[in-house]
Amino acid sequence: MVVAYQRVEPLTMGELWAIAISLRIVLVENLRRTAERIVRGRAAREKADTLADQLLGLGAGQPVDAAKALARLTDIRLPTAARVQLFQRLRDQDPATTPALRWLEEQLAAEGTTAEETVRREHQRQAEMNVTVRNVITSMRLLSWFDWASFVEGTSLVDSALGEYGVFADMDFATRDRYRHAVEKLARAAGMSE
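The sequence shown begins at 827 in our numbering and counts up one residue at a time.
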């Protein structure tokens, strides 16, 4: 892909070396966004657990009246993760929690979905995030194992041009690298491409 791109716009040596760090930055940013979604989902599930505990009378207090507890939520749209957690905690419980389940199902019906569909979508979303995290970590490992020096030498137009002279290919990496740096400096000083 880099070779094809360079047919349109040649990359400098610095840009070729920057590909590795750029890929790492993109992966870290993807991991950050995914981690934020995971944290938001966890916080939403914790809030749903607190509400479920109140409705079921778990913990320190007596069960709260479901209608009163839900009245506080009428203007709030619960995140999907919270809805799923609340549904899973309340189903198959005390019939006194039935108003809460009915309220939740009405909220979902107003959006054109069901509790079962919402649970399925949330589990799918969680699975996708798990796969994303695994892929990012695997990609980071692969990037650290990748031979970037060979990649740069194989895609560098400077190396290609200097390689036409047989002696350049016979030099060790450090010597070839000094030649590349000299070409970079000359190009910068002359205001020309490498």
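The beta carbon of each residue, even a glycine, is placed where N, CA and C say it ideally should be. Keep in mind it's a predicted model, so treat the numbers as computed, not measured.
What is the rounded straight-line gap between the Cα of residue i and the Cα of residue j?
i: I847; j: Q880; result: 49 Å
i: Q832; j: M966; result: 25 Å
i: G882; j: L969; result: What sits at residue 882 in the sequence shown is Leu, not Gly. Each residue's alpha carbon lies about 50 Å from the other.
i: E943; j: Q950; result: 10 Å
i: D891; j: L927; result: 13 Å
i: A797; j: R1004; result: The requested residue 797 is not part of the displayed model; the chain covers only 827 to 1020.
i: I902; j: L884; result: 24 Å
i: I864; j: I845; result: 29 Å
Using the Cβ count rule (16 or more neighbours within 10 Å means buried), how would you classify residue i?
i: R871; result: buried
i: S1019; result: exposed
i: A1016; result: exposed
i: E937; result: exposed
i: G867; result: buried
i: A987; result: exposed
i: A935; result: exposed
Since residue i and residue j are thought to touch, with beta carbons under 8 Å apart, how far apart are those beta carbons, to the nearest angstrom?
i: V1009; j: V984; result: 5 Å
i: D973; j: R915; result: About 52 Å; that fails the 8 Å criterion.
i: L842; j: A878; result: The Cβ separation is near 55 Å, so there is no contact.
i: R909; j: L930; result: 6 Å
i: T860; j: V959; result: 6 Å
i: V828; j: T981; result: 5 Å
Among residues of its own chain, excluding the 5 on either side of residue i, which ones have a beta-carbon nearer than 6 Å to its beta-carbon?
i: L857; result: V962
According to DSSP, is residue i part of a helix, a strand, or is it coil?
i: E979; result: helix
i: M827; result: coil
i: S848; result: helix
i: F972; result: coil
i: I902; result: coil
i: L877; result: helix
i: T940; result: coil
Between residue i and the rest of its own chain, which residues show a CB-CB distance below 8 Å, the 5 nearest in sequence each way excluded?
i: V945; result: V910, F913, Q914
i: Q952; result: G867
i: P905; result: R866, G867, A870
Which residues in the same chain have their Cβ closer than 7 Å to the Cβ of residue i, if we skip the five residues on either side of it in sequence?
i: V993; result: none
i: F999; result: A975
i: A1013; result: S1019, E1020
i: L849; result: L969
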